Structures are given as C-alpha cells and as structure tokens.
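Under numbering that gives the first Met the number 0, read the sequence shown as residues 0 to 368, first letter to last. Backbone N, C-alpha and C fix where the C-beta goes; we use that ideal spot for every residue, glycine too. This one's a predicted model, so the numbers in the text were calculated from it and none came from an experiment. Below is one structure, written out as structure tokens; the observations come after it.
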Amino acid sequence: MTSNTPTDTPSDANAECVGPTAAEAGKASACAGCPNQQKCSSGAFNSPEAIAKAQEEANLLKASLQNVSHVLMVLSGKGGVGKSTVAAQLAHTLASQGYAVGLLDVDLCGPSAPRMVLGERHRDAQITTSGSGGWVPVYNPDHPNLACMSISFLLQDHDSAVVWRGPRKNGLIQQFLTQVDWTGETDGLDYLIIDTPPGTSDEHISTVQYLQKANAVSGAILVTTPEEVSLADVRKELNFCQKTKVPILGVVENMGQYTTTLSKLKFLSPDGKDDCTSQILEQLKASCPQILDTLVEATIYPPSGGGPKAMAEQYQVPYWGVLPMDPDLMQACEAGKPFVEEFPTTMAAKALQRFCKTITTQLPVEEMG
0 MTSNTPTDTP
10 SDANAECVGP
20 TAAEAGKASA
30 CAGCPNQQKC
40 SSGAFNSPEA
50 IAKAQEEANL
60 LKASLQNVSH
70 VLMVLSGKGG
80 VGKSTVAAQL
90 AHTLASQGYA
100 VGLLDVDLCG
110 PSAPRMVLGE
120 RHRDAQITTS
130 GSGGWVPVYN
140 PDHPNLACMS
150 ISFLLQDHDS
160 AVVWRGPRKN
170 GLIQQFLTQV
180 DWTGETDGLD
190 YLIIDTPPGT
200 SDEHISTVQY
210 LQKANAVSGA
220 ILVTTPEEVS
230 LADVRKELNF
240 CQKTKVPILG
250 VVENMGQYTT
260 TLSKLKFLSP
270 DGKDDCTSQI
280 LEQLKASCPQ
290 ILDTLVEATI
300 YPPSGGGPKA
310 MAEQYQVPYW
320 GVLPMDPDLM
330 QACEAGKPFV
340 EEFPTTMAAK
350 ALQRFCKTIT
360 TQLPVEEMG
C-alpha cells in the first residue's frame with residue numbers, strides 16, 4: 000500500500016498537489032492544469048518502478064542534507080524588497096556568532112548571493128569537487144564558517160543571461176540540494192539559508208517539494224516593504240506557504256525607514272541647486288558639535304493600512320519588526336561584509352541581531368559529541 004507523502008510528488012506538480020498516489024490523484028480540483036494530471040489519473044505514479052524511484056530521490060536528498068541542522072527559506076513574492084540583502088546579512092550575522100552557515104542562491108536568473116557573501120572576490124571564485132564527487136561551495140576567506148552556492152559560480156561570464164525553462168531550473172535546484180557537499184571545516188551546517196527569486200513559481204515549488212521529501216523545511220522568513228503594492232504579493236506568498244505547509248518563522252518589514260547620523264546627510268539650498276553640506280556641517284560643528292552624531296530617521300514607504308504588522312496579525316504569523324534602510328548596510332552587502340561587525344551599534348545591526356536571536360531560539364542547534 001502506498002501513502003500520500005511528499006516523497007511521491009513530482010517536482011513540477013501544482014502547489015496544492017494531493018499526491019500522485021492518493022485515491023483522488025488526477026481527479027481533485029487541485030489537479031486542474033497540472034502537467035501530471037493524466038499520468039496521475041492513470042496510476043502511472045503507483046507503479047513499483049515509480050515508487051522505487053521516488054524513494055531513491057528521497058534517500059539521496061536526506062543523505063545530502065544529513066549534516067545540515069536547519070534549512071530556512073527567505074521568500075517575498077515581490078521583487079526589489081531587499082530579500083537577498085536580508086538573506087545574506089542573516090547569514091553573515093549568524094556566522095559572526097560562530098554558527099556554520101550556508102547561503103544557497105536559487106534565484107537562477109538574478110543571483111546576488113555571491114557578491115553579498117564575497118564582495119568583489121566573487122568574480123574569481125569557482126566551485127571545486129570533493130573526493131566524493133560533490134560540489135564544494137565557495138567559502139568566505141574571512142569567515143570560513145560561511146559558505147555560498149550559486150549558479151553564478153557555474154557561468155563562464157557573470158553577465159550571461161540564464162534563459163531556462165522550468166524543467167531545466169528544476170534539475171539544477173535538485174542538483175544544488177543533492178550534490179553540494181556542505182561538510183567543509185565545520186563538518187556540516189547549523190543553518191542553510193535559501194535565497195529565492197520573487198513569486199511563487201517553479202523555483203519555489205521545486206525547492207519546497209524537494210526539501211519536503213527529506214523532511215528538511217525548518218521554516219520561511221518573509222520580507223516585505225510597507226506599501227500595498229508589496230503587501231499584495233507577499234499575501235500570495237503567505238498563502239503559498241500555508242498551502243505547501245511551510246512553517247512561517249516571521250515577517251520582516253524592510254526599508255520602511257531610513258536611518259543615518261546627521262553628519263552623513265547632504266544639505267542643499269532651498270532651490271536645490273547648491274550643495275551646502277560643508278558649510279552647514281561646519282556651523283553645526285562650531286555651535287553644537289554633539290548634534291552631529293544624532294540619529295535621524297525618515298519614512299521611505301508610508302505603510303498601507305496597518306502595514307506588514309497588521310498583515311502578520313491577519314495571517315497569525317510572527318511579526319519580527321523593521322529593518323531600517325541604512326547606506327552602510329547597502330555598502331556592506333556590496334562588499335560582502337557582515338554589517339553587524341562593521342557597524343554594531345546601528346539600528347539596522349540591532350535589528351539583524353534580534354532576528355538571529357529569534358532564529359537560534361526557535362531553531363536551536365544541538366551540540367554534537
């Protein structure tokens with residue numbers, strides 16, 4: 000007797016797949032439009048050969064991830080909300096705390112993780128092959144407990160466009176999850192963070208289904224900006240997680256606020272034509288020097304309605320708070336540096352530290368020995 004488990008689910012199945020071995024396979028409303036509908040209704044996935052192949056895939060995934068304690072997906076639904084920034088700086092922050100961390104970039108058409116982990120050094124970085132034949136990810140030379148894997152390392156030209164259809168994307172994601180050797184000097188990972196592209200398409204469905212075959216999805220972190228244009232798409236991502244039974248660890252409100260010190264602002268004349276920065280800073284330095292280190296804040300995206308916090312309450316998921324926009328945070332991502340080490344007293348650093356405290360509390364790493 001076969002069971003309806005993620006082990007049996009094809010990688011290109013609908014997100015609401017009931018499972019090809021279920022009694023209603025190919026007949027349920029969730030099956031409409033699925034490329035496997037005819038095969039499921041015919042019982043093709045119930046054959047001994049198909050069941051054996053599914054079990055073999057599940058065993059391979061479990062073996063590949065057996066030395067990874069927790070797998071976290073960073074999702075959004077909307078592009079341009081800073082998802083890769085959050086994923087990379089969470090990885091940097093956890094690594095700076097001594098955890099072994101991997102960042103897997105499944106944004107196949109727009110990979111950002113290599114630069115955000117390695118800075119300019121990403122251009123010369125290449126993956127190697129381990130003694131077992133697996134891909135060895137690229138490690139940050141300053142933090143050997145931080146590794147990165149991306150399609151960018153497989154391209155001869157970093158500016159090449161990746162023009163792939165779904166099946167080829169699915170195949171590479173499966174390779175990332177089964178052929179990357181995360182052992183390194185740390186004998187595995189405490190946290191594997193997966194940076195995903197916008198939307199709820201092939202990359203998301205494939206990643207979730209492959210991870211579920213290995214029972215390896217620890218949870219998802221959703222990133223949004225406060226305006227309704229973003230929230231509308233993030234609500235779709237929340238529904239995606241609920242339908243695919245991916246636990247939601249929390250919602251991060253990104254870039255709603257801009258924070259910096261007064262001394263880093265640029266001042267213009269009333270007509271906007273003249274740069275008065277030097278003059279004004281000199282006046283402030285002479286008359287009130289202590290004010291130069293005052294933190295200033297501005298609202299970038301006015302929240303719609305109750306904003307991300309109200310959305311999180313509506314879906315009964317944790318709201319982690321605001322990650323303010325900070326020019327130094329952007330520079331840290333460009334340089335592949337851990338922001339919390341470079342600027343530990345800033346509001347953005349404190350937010351990242353708070354997020355990581357939540358992660359390590361909810362998903363503790365058991366000591367081996």
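- If the five residues before and after Pro197 are omitted, its C-beta is found closer than 7 Å to the C-beta atoms of Ser75, Gly76, Lys77, Gly78, all from its own chain and listed in chain order.
- Contact annotation, Val250 with Pro326: C-beta distance approximately 24 Å; criterion of less than 8 Å not satisfied.
- Closest option to Gln178, judged by alpha-carbon separation, among Ile126, Gly255, Asp189: Ile126.
- DSSP places Gly218 within a strand segment (E or B) once states are collapsed to three.
- Distance from the CA atom of Arg164 to the CA atom of Ser131, rounded to whole angstroms, is 30 Å.
- Here the segment 223-242 makes no contact with the segment 280-294; the two share fewer than three CB pairs at distances below 8 Å.
- In its chain, beyond the 5 residues on either side, Gly249, Val250, Glu252, Pro307, Lys308, Ala311, Glu312 have a beta carbon closer than 8 Å to the beta carbon of Tyr318.
- Taken through DSSP and simplified to helix, strand or coil, Thr127 comes out as strand.
- In the DSSP assignment, His142 falls within the beta strand (DSSP E) that extends over 142-149.
- The C-beta separation of Ile193 from Leu103 comes to about 5 Å, placing the pair in contact by the 8 Å criterion.
- Secondary structure of Asp327 (DSSP, three-state): helix.
- A straight line joining the alpha-carbon of Ser41 with that of Thr185 spans about 47 Å.
- Looking from the CA of Asn144, the closest CA among Cys33, Ser129, Val116 belongs to Val116.
- The DSSP-derived three-state label of Leu261 is helix.
- In the structure shown, Ser41 falls within a helical segment according to DSSP collapsed to helix, strand and coil.
- Nearest Cα to Ala62 within the set Gln256, Leu210, Ala49, Ala99: Leu210.
- The residues Ser40, in chain order, have a CB closer than 7 Å to that of Lys26 in the same chain once the five nearest residues on each side in sequence are set aside.
- The secondary-structure analysis by DSSP pairs Gln256 across a beta bridge with Thr298.
- Short of 7 Å from the beta carbon of Glu23, and not among the five residues preceding or following it, lie these beta carbons of its own chain, in chain order: Val17.
- Across the structure, Pro301 and Gly255 are spaced so that their CA atoms are roughly 7 Å apart.
- Every unbroken stretch of the beta strand (DSSP E) spanning 3 or more residues and falling wholly within the segment 47-112 is given here in chain order: 67-74, 100-104.
- By the C-beta density criterion, Asp270 is exposed, having fewer than 16 other C-beta atoms within 10 angstroms.
- The segment 164-175 makes no contact with the segment 48-55, as fewer than three CB pairs between them are under 8 Å.
- Rounded to whole angstroms, the Cβ separation of Asp189 and Tyr98 is 4 Å, and the two are in contact under 8 Å.
- Between Phe239 and Thr199 a beta carbon distance of about 4 Å is seen, short of the 8 Å cut, so the two are scored as contacting.
- If the five residues before and after Lys284 are omitted, its C-beta is found closer than 8 Å to the C-beta atoms of Leu291, all from its own chain and listed in chain order.
- Judged by their CB atoms, Cys108 and Val73 are not nearer to each other than the 7 Å cut-off.
- For Asn169, the enclosing alpha helix (DSSP H) stretches over residues 165-178.
- Ser151 is a Cβ neighbour of Pro113, given a cutoff of 7 Å.
- Counting of Cβ neighbours within 10 angstroms places Ser149 among the buried residues, the total reaching 16 or more.
- Secondary structure note for Tyr314: it is in no alpha helix (DSSP H), with a DSSP letter that is neither H nor E.
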